[in-house]
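**Q** For reference, the structure I am asking about is given below.
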Amino acid sequence: MEKYRYRITLESLDALTEPRALQFDFGNRDDIFLILERLRQRDDFAAEEIPPFALGLKLLGKTLMENRENPLLASFKPHFVAFMRELKKGTPEKTG
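According to this note's numbering, the stretch in the sequence shown is residues 291 to 386, in order.
The structure is reproduced here in structure tokens:
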């Protein structure tokens, strides 16, 4: 069930091309802003990397769920599920 609704806007900032924009709405069962806050409390990424990382995961996960019978995505889904399990475990231990 999609409890939360969002609007994504993408605008071209490249001065070498004509201005372009893309906007779409999507629903999700999770509060993405809460997810952003949780990721900010971890030490996995630089602050500016967190929003695109979180948003990319949520959009990809939703696409995988909605297209679970798609052969193109079928081989990728187990890897995505394993990655999400690791992510949800908490902050990984740093090595090195």
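Where a beta carbon is used, it is the ideal one built from N, C-alpha and C, also for glycine.
List the DSSP bridge partners of residue 317.
**A** The residue given as residue 317 occupies position 27 in the sequence shown. For residue 317, which the question treats as bridged, DSSP gives the partners 295.
**Q** Check this for me: beta carbons of residue 350 and residue 357, under 8 Å apart or not?
**A** Numbered from 1 along the sequence shown, position 60 holds the residue referred to as residue 350. Numbered from 1 along the sequence shown, position 67 holds the residue referred to as residue 357. No, the Cβ-Cβ distance between residue 350 and residue 357 is not below 8 Å.
**Q** Which same chain residues end up closer than 8 Å to residue 309 when comparing Cβ atoms and leaving out the 5 residues on each side of it in sequence?
**A** Position 19 of the sequence shown holds residue 309. Hits under 8 Å: 301 and 302.
**Q** Below 8 Å on the Cβ atoms is my guess for residue 341 versus residue 324; work out the distance and round it to an integer in Å.
**A** If you number the sequence shown from 1, residue 341 lands on position 51. If you number the sequence shown from 1, residue 324 lands on position 34. Between residue 324 and residue 341 the Cβ distance is about 13 Å, and since that is not below 8 Å, they are no contact.
**Q** For residue 442, which option in 354, 380, 295 and 345 has the closest C-alpha, if you only look at C-alpha atoms?
**A** The structure shown does not extend to residue 442, since the chain spans only 291 to 386, so no value can be given for it.
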